[in-house]
Amino acid sequence: MGEFHVVDKELLPYSIDTQERKSTVSPTDFLALDIRTGKVISVKDNPKARSPAYVIEADFGPVVGVLVTSAKVKNYSEEQLVGRNIIAAVNLGTKRIAGVKSEFLILGALMPDGEVRLLTPDGDDILPGQPIG
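So for the sequence shown, this note's numbering puts the first residue at 1; every next one is plus one.
Printed below as a string of structure tokens:
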């Protein structure tokens, strides 16, 4: 496809039938990603986004702290997101997205229609900042 997160409702770019398997990476390459649990602490609309998106602030615990991102997860209400445990990559650097200094990538399953279903850690005893391995 060449581009990430481009949604074509007719071609269904995220259909599991059309997704090619990615090339093999080493365990070292995979472990270089800092993937952690977080807790969403605030959500607001991002009026600068070209398509509907939120500005999300999440707590990633005492080592990483609070980070901000812009995410196209409008299939969830603000109320459904605040207080929710999430999984995110927190060491991809910063990138300005729709006027927001995006500091993490929230992880989710990409549905065929482009909707993102957030990955959620299992259990009530998950704390912000716990590493994913």
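Ideal Cβ positions, reconstructed from N, Cα and C, are used throughout, including at glycine. All values reported here derive from a predicted model rather than from experimental measurement.
- Per the C-alpha coordinates, the member of LEU81, MET111, GLY123 and ALA71 positioned closest to THR18 is MET111.
- Contact annotation: LYS39 and ASN85 have beta-carbon atoms nearer than 9 Å.
- Around the beta carbon of SER102, a 10 Å sphere encloses 16 or more other beta carbons of the protein chains shown; the residue is thus reported as buried.
- About 4 Å separates the CB atoms of LYS74 and PRO52; that is less than 8 Å, so the two are in contact.
- C-alpha of LEU118 to C-alpha of GLU79: approximately 15 Å in a straight line.
- In this structure PHE30 is exposed. Its beta-carbon is surrounded by fewer than 16 other beta-carbon atoms within 10 angstroms.
- Spatial neighbours of ARG50 in its own chain (CB-CB distance under 8 Å, excluding positions within 5 residues in sequence) are listed in chain order as ALA98.
- Between THR37 and ILE106, the C-beta spacing is not below 9 Å.
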